[in-house]
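Going by the UniProt record's numbering, the first residue of the sequence shown is number 1, and it counts up by one from there. Note that CB positions come from ideal geometry on N, CA and C, so glycine has one too.
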Amino acid sequence: MCFICKDYKHTKHKHILLEQEAERIRSTINTAIQHIKRVAQELTDSAHKLESVARQLEGSSAESGSVEVDTGGTAEEARARVRQYFAQLRDQLNRQETQAMTVLDAHVRERLCSIRQQ
1 MCFICKDYKH TKHKHILLEQ EAERIRSTIN TAIQHIKRVA QELTDSAHKL
51 ESVARQLEGS SAESGSVEVD TGGTAEEARA RVRQYFAQLR DQLNRQETQA
101 MTVLDAHVRE RLCSIRQQ
């Protein structure tokens, strides 16, 4: 039965029109399949890139003989830098506190001496 005229005889159109329409649909489907394959490949590539970035951030653990070696990723490096920075700030603050206490103690001694001499 013909899709267009709904008859077995193709009375209202030529048979070739149906073949042209079928070929056009086949072509459209093939183009869509190629596009889907290309998009799927791009998604796969993107997923691999994301996995690579995640491994770089998290670091990786590799076995070296019988000992497992854990190599930190960039996230761990950033944490170490933050810890180091705040440790330096704490050291600097402790030095400043010590200096301030020394100056304060000297000032208190001077004032006490001044009061006692009066």
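Under 8 Å between C-beta atoms of residue i and residue j
i, j, result
"E51", "G73", "no"
Own chain, CB closer than 8 Å to residue i, minus 5 neighbours either side, in chain order
i, result
"Q56", "G73 and T74"
Counterpart residues of residue i in DSSP-defined beta bridges
i, result
"G72", "G59"
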